[in-house]
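There are 4 protein chains.
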Amino acid sequence: MIHELRVIFGDTDQMGVVYYANYLRFFEGARAAFWRDLGRTHKDLDAWNVALPVVTAHCDYRAPARYEDLLAIEVDVVELRAASMRFAYKVRCEGRLLAEGYTRHAVIHSGDGRVRALPQELRDALEARPPTSLREP
Amino acid sequence: MIHELRVIFGDTDQMGVVYYANYLRFFEGARAAFWRDLGRTHKDLDAWNVALPVVTAHCDYRAPARYEDLLAIEVDVVELRAASMRFAYKVRCEGRLLAEGYTRHAVIHSGDGRVRALPQELRDALEARPPTSLREP
Amino acid sequence: MIHELRVIFGDTDQMGVVYYANYLRFFEGARAAFWRDLGRTHKDLDAWNVALPVVTAHCDYRAPARYEDLLAIEVDVVELRAASMRFAYKVRCEGRLLAEGYTRHAVIHSGDGRVRALPQELRDALEARPPTSLREP
Amino acid sequence: MIHELRVIFGDTDQMGVVYYANYLRFFEGARAAFWRDLGRTHKDLDAWNVALPVVTAHCDYRAPARYEDLLAIEVDVVELRAASMRFAYKVRCEGRLLAEGYTRHAVIHSGDGRVRALPQELRDALEARPPTSLREP
Numbered sequence: 023m024i025h026e027l028r029v030i031f032g033d034t035d036q037m038g039v040v041y042y043a044n045y046l047r048f049f050e051g052a053r054a055a056f057w058r059d060l061g062r063t064h065k066d067l068d069a070w071n072v073a074l075p076v077v078t079a080h081c082d083y084r085a086p087a088r089y090e091d092l093l094a095i096e097v098d099v100v101e102l103r104a105a106s107m108r109f110a111y112k113v114r115c116e117g118r119l120l121a122e123g124y125t126r127h128a129v130i131h132s133g134d135g136r137v138r139a140l141p142q143e144l145r146d147a148l149e150a151r152p153p154t155s156l157r158e159p
Numbered sequence: 023m024i025h026e027l028r029v030i031f032g033d034t035d036q037m038g039v040v041y042y043a044n045y046l047r048f049f050e051g052a053r054a055a056f057w058r059d060l061g062r063t064h065k066d067l068d069a070w071n072v073a074l075p076v077v078t079a080h081c082d083y084r085a086p087a088r089y090e091d092l093l094a095i096e097v098d099v100v101e102l103r104a105a106s107m108r109f110a111y112k113v114r115c116e117g118r119l120l121a122e123g124y125t126r127h128a129v130i131h132s133g134d135g136r137v138r139a140l141p142q143e144l145r146d147a148l149e150a151r152p153p154t155s156l157r158e159p
Numbered sequence: 023m024i025h026e027l028r029v030i031f032g033d034t035d036q037m038g039v040v041y042y043a044n045y046l047r048f049f050e051g052a053r054a055a056f057w058r059d060l061g062r063t064h065k066d067l068d069a070w071n072v073a074l075p076v077v078t079a080h081c082d083y084r085a086p087a088r089y090e091d092l093l094a095i096e097v098d099v100v101e102l103r104a105a106s107m108r109f110a111y112k113v114r115c116e117g118r119l120l121a122e123g124y125t126r127h128a129v130i131h132s133g134d135g136r137v138r139a140l141p142q143e144l145r146d147a148l149e150a151r152p153p154t155s156l157r158e159p
Numbered sequence: 023m024i025h026e027l028r029v030i031f032g033d034t035d036q037m038g039v040v041y042y043a044n045y046l047r048f049f050e051g052a053r054a055a056f057w058r059d060l061g062r063t064h065k066d067l068d069a070w071n072v073a074l075p076v077v078t079a080h081c082d083y084r085a086p087a088r089y090e091d092l093l094a095i096e097v098d099v100v101e102l103r104a105a106s107m108r109f110a111y112k113v114r115c116e117g118r119l120l121a122e123g124y125t126r127h128a129v130i131h132s133g134d135g136r137v138r139a140l141p142q143e144l145r146d147a148l149e150a151r152p153p154t155s156l157r158e159p
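Chains as they are written, first to last, in this note's numbering: chain U, 23 to 159; chain B, 23 to 159; chain G, 23 to 159; chain V, 23 to 159.
Right, here's the structure in full:
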């Protein structure tokens with residue numbers, strides 16, 4: 023899916039562009055929107071005793087985002103393993119690619135912190151979902 | 023006007039609520055939306071050689087905002103002086119007041135940094151604008 | 023006491039100065055240093071079942087802080103009431119005042135969230151502490 | 023070199039640990055300390071018309087950092103190419119590795135934004151510098 027977000031002044035740094043750490047905030051906002059779009063919220067994950075801590079974050083910066091830019095953040099699940107999953111992101115402004123990256127997440131039990139499998143219902147929902155590039159015109 | 027914003031994980035702190043400094047980010051996002059709604063952007067202010075640095079920020083916290091809350095931030099200009107102006111903000115979630123505050127801004131020349139008057143056209147536009155409480159149903 | 027802090031790139035915005043919300047982060051860093059200096063940590067407050075949520079934050083901006091500035095943040099408790107307290111802050115760089123402000127905190131029970139009194143031992147320690155202006159040469 | 027940093031409340035999120043994007047802020051603080059340690063500041067880079075925008079950022083999260091943790095961030099230049107360079111980072115608390123990552127930077131002319139070579143004097147200074155693991159006891 024595609025999550026939109028407006029760059030604020032507080033996102034920029036003195037180079038006049040969005041500070042590099044803030045893209046990880048944008049990724050996270052897109053991730054939350056992804057779960058909402060799937061009809062699952064953070065509360066559902068809690069109810070399943072699932073937590074998905076980030077174990078790796080990566081971002082390649084192609085071109086700067088600027089104040090007032092309306093960013094379109096494409097987010098997809100691109101890998102589902104036994105006890106981990108990966109989201110990929112593309113940040114665009116007016117169709118131009120500004121950044122792309124991914125986050126890898128462990129799947130753990132939110133109570134005891136141990137590695138666990140994704141609930142089957144959630145895995146099914148994720149696997150049934152076509153990638154954004156096939157869904158959006 | 024009312025600016026909407028979704029709380030992300032990165033806005034929260036270990037108390038499980040939005041970290042207090044982030045309300046000033048929310049205020050700023052609402053301020054930018056205010057200018058856009060007025061048909062003026064940051065670029066227009068630049069073209070007029072106007073900058074509006076914050077000289078005072080104030081926030082009273084009434085109740086916590088939480089992850090995934092959809093916040094409605096009401097923003098109005100409540101004071102226009104010779105060389106300063108004040109914005110007021112109310113942050114609500116589902117009608118409940120969570121925080122309110124204000125920012126006071128100097129009006130300076132964006133080139134030389136000296137205090138200056140607001141351009142008359144901008145002053146007229148601001149004065150002609152009814153407060154949000156009278157405009158939104 | 024005086025808490026020192028180096029401005030990073032991520033603290034600045036596209037005006038080339040520290041973004042206004044970040045001063046509340048600086049205040050909080052100074053507050054934590056204040057508790058450590060008093061020999062109390064956050065964990066002690068937890069052990070006493072005390073939490074001190076911010077109910078008001080205020081900052082007056084006098085002059086901009088910039089990238090690489092080494093800031094000296096003076097912090098004192100300036101008001102102790104039955105169930106609230108106030109910290110005051112002055113942010114300086116090379117002796118020059120850049121900003122000043124305060125935070126007011128409710129004193130609540132960290133378990134049930136109800137208003138409570140400060141533990142007497144903590145109140146005594148705070149009252150016995152001379153203000154920074156009398157303590158630092 | 024090793025750059026120390028205290029985790030503040032505002033760095034944490036509602037999981038009770040440091041929010042993942044903030045490690046990129048920590049990396050940047052360590053990078054600035056690296057330049058200062060080398061006797062070069064951002065102003066020197068400016069004087070040489072050199073800017074080093076981040077083109078890739080990567081972080082692997084091993085264990086959570088928490089409020090009040092005193093972090094030791096080891097930073098080294100691990101790659102010097104014709105027109106790019108790479109910093110590597112290890113974040114530890116009390117000797118325990120919490121995170122590690124890298125940032126890759128283009129070397130560009132700060133005026134016209136074109137790719138350029140590092141000034142020879144700077145390249146020499148960087149090449150003469152032993153890695154932190156050989157320098158710190």
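All C-beta atoms, glycine included, are put in the ideal place defined by N, C-alpha and C.
Alpha-carbon spacing of residue i relative to residue j, whole angstroms
{"i": "Ala69 of chain B", "j": "Leu140 of chain U", "result": "54 angstroms"}
{"i": "Ile30 of chain G", "j": "Glu50 of chain V", "result": "7 angstroms"}
{"i": "Ala43 of chain V", "j": "Asp82 of chain G", "result": "29 angstroms"}
{"i": "Met107 of chain G", "j": "His127 of chain B", "result": "28 angstroms"}
{"i": "Val76 of chain U", "j": "Leu102 of chain U", "result": "14 angstroms"}
{"i": "Thr154 of chain B", "j": "Glu116 of chain B", "result": "17 angstroms"}
{"i": "Ala85 of chain G", "j": "Leu119 of chain G", "result": "7 angstroms"}
{"i": "Gly38 of chain V", "j": "Asp35 of chain B", "result": "7 angstroms"}
{"i": "Pro152 of chain G", "j": "Ala94 of chain B", "result": "43 angstroms"}
{"i": "Tyr89 of chain V", "j": "His64 of chain G", "result": "9 angstroms"}
{"i": "Ser132 of chain G", "j": "Asn71 of chain G", "result": "5 angstroms"}
{"i": "Arg53 of chain G", "j": "Thr78 of chain B", "result": "20 angstroms"}
{"i": "Leu134 of chain G", "j": "Asp134 of chain B", "result": "Note on residue identity: the sequence assigns Asp, not Leu, to residue 134 of chain G. The alpha-carbon atoms of Asp134 of chain G and Asp134 of chain B are separated by roughly 54 angstroms."}
{"i": "Asp146 of chain B", "j": "Leu60 of chain B", "result": "11 angstroms"}
{"i": "Gln142 of chain G", "j": "Arg62 of chain B", "result": "55 angstroms"}
{"i": "Arg58 of chain G", "j": "Arg58 of chain B", "result": "45 angstroms"}
{"i": "Leu156 of chain U", "j": "Leu156 of chain B", "result": "45 angstroms"}
CB of residue i within 8 angstroms of CB of residue j, strictly
{"i": "Val113 of chain V", "j": "Phe56 of chain V", "result": "no"}
{"i": "Ile130 of chain V", "j": "Ala73 of chain V", "result": "yes"}
{"i": "Tyr41 of chain B", "j": "His80 of chain B", "result": "no"}
{"i": "Arg138 of chain G", "j": "Ala87 of chain G", "result": "no"}
{"i": "Phe48 of chain G", "j": "Leu67 of chain G", "result": "no"}
{"i": "Tyr45 of chain G", "j": "Ala110 of chain G", "result": "no"}
{"i": "Val99 of chain U", "j": "Leu144 of chain U", "result": "no"}
Residue environment, residue i, which counts as buried when at least 16 other CB atoms sit within 10 Å
{"i": "Asp91 of chain V", "result": "buried"}
{"i": "Ala150 of chain V", "result": "exposed"}
{"i": "Gly32 of chain G", "result": "buried"}
{"i": "Arg136 of chain G", "result": "exposed"}
Note down, in chain order, all residues in the stretch 74–92 of chain V with a beta-carbon under 9 angstroms from any beta-carbon belonging to chain U. Pro75, Val76, Val77, Thr78, Ala79, His80, Cys81, Asp82, Tyr83, Arg84, Pro86
Taking Cβ-Cβ distances below 7 angstroms as the criterion, which residues of the stretch 45–62 of chain V are in contact with chain U? Leu46, Arg47
What residues in the stretch 24–47 of chain U have a beta carbon less than 7 angstroms from any beta carbon of chain G? Phe31, Gly32, Thr34, Asp35, Gln36, Gly38, Tyr41, Ala43
At a Cβ cut of 7 angstroms, what residues of the stretch 125–154 of chain U count as close to chain B, listed as they run along the chain? none
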